[in-house]
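Residue numbers (our numbering), protein chains in the order written: chain A, -6 to 432; chain B, 1332 to 1808.
Where is the CB? At the ideal position from N, CA and C, for every residue including glycine.
Here is the structure we will look at.
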Amino acid sequence: MGSFIANTDRQQQEMLTAAGYDNFEDLFAHIPDVVKLGRELEIDRGLSEMEVCRKIESLSEKNIVFRHIFRGAGAYDHYIPSIVKEVVSKEEFVTAYTPYQAEVSQGNLQSIFEYQTMMCELTGMDVSNASVYDGATAAAESVFMCKDRKRKSVVISGAVNPAVIDVIRTYCSGRETDINVVPAKNGLTDADAVCAALNSATACLIVQQPNFFGNIEDADRFCRAAHEAGAKFVMSVDPIAMAVLKTPGEYGADIAVGEGQSLGMPLGFGGPYLGFMTTTQKMMRQLPGRIVGQTEDSEGNVCYVLTLQAREQHIRREKASSNICSNEALCALTATVYLSAMGPEGLRQAAELSVNKAHYLQKELEKAGFAPAYPDAEFFKEFVTESPVPPERLMAELEKHGILGGLPLEDGKILWCATEKNTREDIDDLVTLAGEVIC
Amino acid sequence: MKTIFERSVEKRKLSLLPECDVPAVDLEAADRETPLDLPEVSENDISRHFSEMAKSTHGVNDGFYPLGSCTMKYNPKVNDEAASLQGFTNIHPLQPDHTVQGCIGLMKEAEKTLCEITGMDRMTFQPAAGAHGEFTGLLLIKAYHRSRNDLKRNKIIVPDSAHGTNPASAVMAGYEVINIPSKEDGCVDLDALRNVAGDDTAGLMLTNPNTVGLFDKNILEITDIVHKAGGLCYYDGANLNAVIGIVRPGDMGFDCMHINLHKTFSTPHGGGGPGAGPVGCKEFLADFLPGMLPAGEDQLYLKKPQNSIGMMKAYNGNFLILVRAYAYIIMLGREGIPEIAKNAVLNANYLRVMLSGKYVIPYKETCMHEFVMSLEHEKASMDVTAMDVAKALLDYGIHPPTMYFPLIVHEALMVEPTETESKEALDSLIKAFTEIYDKAVEDPEYIKNAPHNTIIERPDEVSAARHPKLRYIPEDN
């Protein structure tokens, strides 16, 4: 069996004796027998490290790793610079916990401060928290930031990622919240229907940019309409797209949220990912979770601490803005290192390459018989096509060639994605195969 | 330390992405108006910057970290190796089931093993942290009462010694929190519980051992009182390390619970996360579990229960954290798992007894994996507080215990050594505590001004909150 216990049997006995116990039974004697398990656990015997590696490797080999990924829908295969993995594997960062003791956590705290700065920069907002679990829970937490006694309903564009809508519904299911999902129209938020749905009970309007179908929304109108109704405007955004698209801050949004996985995290079958949340100065104290602030020590040195803790569960208990305690700190660090490595130019390049590749893929697929589903909308790195064949048949064929095709949607359409990782050659191969399936 | 922004030099960059090999597209959509002010640095700059930051971050690898309630045990490297296998890292969460048989297989095995360890029947891996698990568990309880059309149950009972997440989670799930006072020993006051348990009780949230580190012997009576009133019992798994392999929450009368994989199952804390907080439940609640659960025998697949509360998080939870925990579990196995609790409890009691010469430990009986000291006496006699002693420990390269928690003990320091610390490490903590006490008697000001050897002195937290500076702003602005 494996063990990570340092003390030898002899040391254990010495310590038992020193503490006044004869043996381990003695140490647990105060627990009533009736609740004790009283038998061995029915699990396998322990293994050596070598056996563990072999067993887990063989499990991982039962998965199919696709060489070329053309699927996104909220989780993206962007390039991860080598420096990212190296930095975030440093044991100090990996094995620390929440920086409660500022004097021995300055590196951790400063990295969060840098993260907060970068997320404000990306989204054009004033204030960021130190992360939440993922983009979907970030959207759900934003609802709680906006609700008050009078405004208890939420209007969500039907062009928001359905997984995000599901999480918002679940988060809100415990507390009185009326959730109005306005069906999308032609791959975009239905502007008229959304505006009509806003009223004096609306806490916030949530729109995604680019939306679930990859299309770019004209958010100006939504922002105005939400504010005219006295509601808050929440934008869920793709952080890489923020290098080129108008930001939530520029639109006048009250809260920006999103999934940060694209910023250096592997796909990892869905996690850990990174939920980011930024907001205005005015709504700063409604933010959930940790926030790091700059201050000085008693000698006047610049330093960093966890701050505005009067919002948090360990101080406020049932009056806290959220129950969140552990967040996704190491993922926030990952994003910080990623954004440092990319820099303004690199991030813009990643965004533009993704856009260019996606448009090339779309044009080639169209030539092969996959008509665009929403030809009037402008898209970013994802788009929807009709499928002249059952999507499953196409996906099965692509799979044989190590390609993960777009995501089949419920209505028989396909949601495709391209990033800077997809080369022209890969795209041509995919399109050739797709053409063959049609014939 | 300079920030990464202060290291920036215009036009400095890395060479990461290739030239574009397809036609360029000019989007008509509105462009970003403000220039994107990210740092412009070299790879060398990044490497040195974050190395410098790592050096001023204390992790478990840097030294003893007896932070009560957080189970800062050693994080085996084999966990990280397992989680970095390409067969896991490069898997898209929306791949079809037949291409992720390994992931689903691991979930299935982990579920089976963790259910045996906890005495639960089914488990969801969607929750990303302990608090997220609590929220999930309370929504399960809510779904259960709703399914029985028992709609008057709107209260969750929480002892005043509970972790702060408990009442906060209850509120998120739409419950009113009924705080009940604990007895002097931190255990549940049965009469107080009986007084509040009734037909409006949705459930009770409890951790056992409790937050002062004592095992509540009346546990079966406690869960019975709640059940008889028609409520359900939620186990806060934060303290599972104390009883793992010895006592199972499922056998103490709990109906659902979370496990903190980053505590009990050694996946690292990551500077505050990511963790994972899978939620287990008894069969009668399984149909309400959120997310996709593993199913099938030869061909495995993911399936959402019919009456699921929904989705707590997109996709399948913090899967790579589960891989780490699974590596740890199969390495320890049935002989190794109970050794965790035995040695965690031994280490705590050894410290408790050895420190009780100088310090006041309000609870004299055998503790579990952690214990609480009170510095009330030192505060009264020398004006040296729990915070002062904690800060003085920093000068010994030791991370202080949890301060001022639980709230029911004045000037509390909560010490959790974990099973992976050696006798030598424990002895060094005892020595440090002893020297600090002696120094405090001789020169209290020295301790009140600690730490003396860290890169900063005590920070001004009051002005940080009063004048929040939450992002870097260039000086010329």
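Please name the residue in the options whose C-alpha comes closest to that of residue i.
| i | options | result |
| --- | --- | --- |
| Met270 (chain A) | A:Gly31, A:Asn208, A:Glu96, A:Leu115 | A:Leu115 |
| Ser1339 (chain B) | A:Pro384, A:Pro381, A:Gly336, A:Glu413 | A:Gly336 |
| Ala1781 (chain B) | B:Ile1590, B:Gly1728, B:Pro1748 | B:Gly1728 |
| Leu1398 (chain B) | B:Glu1752, B:Lys1762, B:Gln1426, B:Pro1790 | B:Glu1752 |
| Thr1532 (chain B) | B:Asp1547, B:Tyr1475, B:Gly1581 | B:Tyr1475 |
| Thr163 (chain A) | B:Gly1468, B:Leu1592, B:His1708 | B:Gly1468 |
| Gly399 (chain A) | B:Leu1425, B:Lys1342, B:Met1332 | B:Leu1425 |
| Ala12 (chain A) | B:Glu1742, B:Leu1686, B:Glu1766, B:Tyr1768 | B:Leu1686 |
| Phe1650 (chain B) | A:Cys318, A:Ala322, A:Gly263, A:Thr273 | A:Gly263 |
| Met1308 (chain B) | B:Tyr1659, B:His1708, B:Met1734, B:Met1704 | Residue 1308 (chain B) lies beyond the residue range present for chain B, which begins at 1332 and ends at 1808; the question has no answer from this structure. |
| Met43 (chain A) | A:Arg64, A:Ser53, A:Gly(-5) | A:Gly(-5) |
| Phe205 (chain A) | A:Asp231, A:Ala194, A:Ala224 | A:Asp231 |
Given residue i, which residues of its chain have a CB within under 6 Å of its CB, disregarding the five upstream and five downstream residues?
| i | result |
| --- | --- |
| Tyr244 (chain A) | Ala212, Cys216 |
| Gly1534 (chain B) | Ile1472, Ile1487, Gly1562, Leu1563, Tyr1565 |
| Ala370 (chain A) | Gly180, Leu181, Asn208 |
| Leu1725 (chain B) | Pro1782, Thr1785 |
| Val1654 (chain B) | Ala1413, Ala1414, Phe1419 |
Is the CB of residue i under 9 Å away from at least one CB in chain A?
| i | result |
| --- | --- |
| Lys1754 (chain B) | yes |
| Gln1426 (chain B) | yes |
| Tyr1681 (chain B) | yes |
| Cys1564 (chain B) | no |
| Thr1444 (chain B) | yes |
| Val1772 (chain B) | no |
| His1700 (chain B) | no |
| Lys1673 (chain B) | yes |
| Gly1611 (chain B) | no |
Please return the same chain residues whose Cβ sits closer than 7 Å to the Cβ of residue i, not counting the five positions on each side in sequence.
| i | result |
| --- | --- |
| Pro1512 (chain B) | Asp1491, Asp1520, Ala1523 |
| Ile1668 (chain B) | Ile1448, Ile1575, Gly1576 |
| Met1503 (chain B) | Phe1466 |
Could you tell me which chain B residues have their CB closer than 8 Å to the CB of residue i, listed as they occur along the chain?
| i | result |
| --- | --- |
| Cys46 (chain A) | Val1409, Glu1412, Ala1413 |
| Val230 (chain A) | The contacting residues do not exist; Val230 (chain A) stays about 11 Å from chain B at best. |
| Asn349 (chain A) | Cys1351, Val1353, Pro1354, Ala1355, Val1356 |
| Val157 (chain A) | Ala1645 |
| Phe215 (chain A) | Result: empty, since nearest Cβ-Cβ is about 13 Å, beyond 8 Å. |
| His23 (chain A) | Phe1546, Lys1548, Glu1696, Thr1697 |
Mind checking if residue i is an interface residue toward chain B, Cβ cutoff 9 Å exclusive?
| i | result |
| --- | --- |
| Tyr126 (chain A) | yes |
| Gly235 (chain A) | Here residue 235 (chain A) turns out to be Met, not Gly, going by the sequence shown. So, interface residue. |
| Asn0 (chain A) | yes |
| Tyr164 (chain A) | yes |
| Glu403 (chain A) | no |
| Arg386 (chain A) | no |
| Thr425 (chain A) | no |
| Ser53 (chain A) | yes |
| Ile420 (chain A) | yes |
What does a CB cutoff of less than 8 Å around residue i pick up in its chain, not counting 5 residues either side in sequence?
| i | result |
| --- | --- |
| Asn1549 (chain B) | Cys1518, Val1519, Leu1521 |
| Gly1418 (chain B) | Gly1433 |
| Glu343 (chain A) | A small correction: the amino acid at residue 343 (chain A) is Ala; Glu does not occupy that position in the sequence shown. Result list for Ala343 (chain A): His71, Tyr72, Ile233, Ala236, Met335, Thr412, Glu413, in chain order. |
| Gln1637 (chain B) | Asp1618 |
| Asp159 (chain A) | Ala129 |
At 8 Å on the CB atoms, spell out the chain A contacts of residue i, in chain order.
| i | result |
| --- | --- |
| Lys1514 (chain B) | Simply none; closest approach about 16 Å. |
| Asp1368 (chain B) | Glu114, Pro337 |
| Thr1420 (chain B) | Pro259, Leu260, Gly261 |
Which bits of chain B does residue i rub up against, with CB to CB less than 9 Å?
| i | result |
| --- | --- |
| Gln109 (chain A) | Leu1801, Arg1802, Tyr1803 |
| Asp183 (chain A) | Going along chain B, no residue has its Cβ under 9 Å from Asp183 (chain A), so there is no contact; the nearest lies around 18 Å. |
Check the Cβ of residue i against every Cβ in chain B and list those closer than 7 Å, keeping chain order.
| i | result |
| --- | --- |
| Asn16 (chain A) | Correct list: empty, because the minimum Cβ distance to chain B is about 10 Å. |
Under 7 Å between beta-carbons, which chain A residues line up against residue i? List them in chain order, please.
| i | result |
| --- | --- |
| Glu1788 (chain B) | Asp290, Ser291, Glu292 |
| Lys1762 (chain B) | Simply none; closest approach about 15 Å. |
Would the region 156 to 173 of chain A and the region 375 to 387 of chain A be scored as touching if the rule is three or more Cβ pairs under 8 Å? no
Touching by the beta-carbon criterion (3+ pairs, under 8 Å), the region 88 to 106 of chain A and the region 235 to 244 of chain A: no
Indicate whether the contact test is met: 3 or more Cβ pairs, each with one atom in the region 1550 to 1559 of chain B and one in the region 1710 to 1722 of chain B, closer than 8 Å. no
Specify whether the region 1412 to 1431 of chain B and the region 5 to 21 of chain A touch according to this definition: at least 3 beta carbon pairs, one from each stretch, less than 8 Å apart. no
The region 1641 to 1649 of chain B touching the region 1668 to 1688 of chain B, judged by at least three CB pairs closer than 8 Å: no
Assess contact between the region 1600 to 1616 of chain B and the region 1435 to 1449 of chain B, defined as three or more Cβ pairs (one per stretch) separated by less than 8 Å. Is contact present? yes
With three or more C-beta pairs closer than 8 Å as the rule, is the region 134 to 153 of chain A touching the region 341 to 357 of chain A? no
Decide yes or no for the touch test of the region 44 to 62 of chain A against the region 1354 to 1374 of chain B: beta carbon pairs closer than 8 Å, at least 3 of them. no
Cβ contact (3+ pairs, closer than 8 Å) linking the region 275 to 282 of chain A and the region 308 to 320 of chain A: yes
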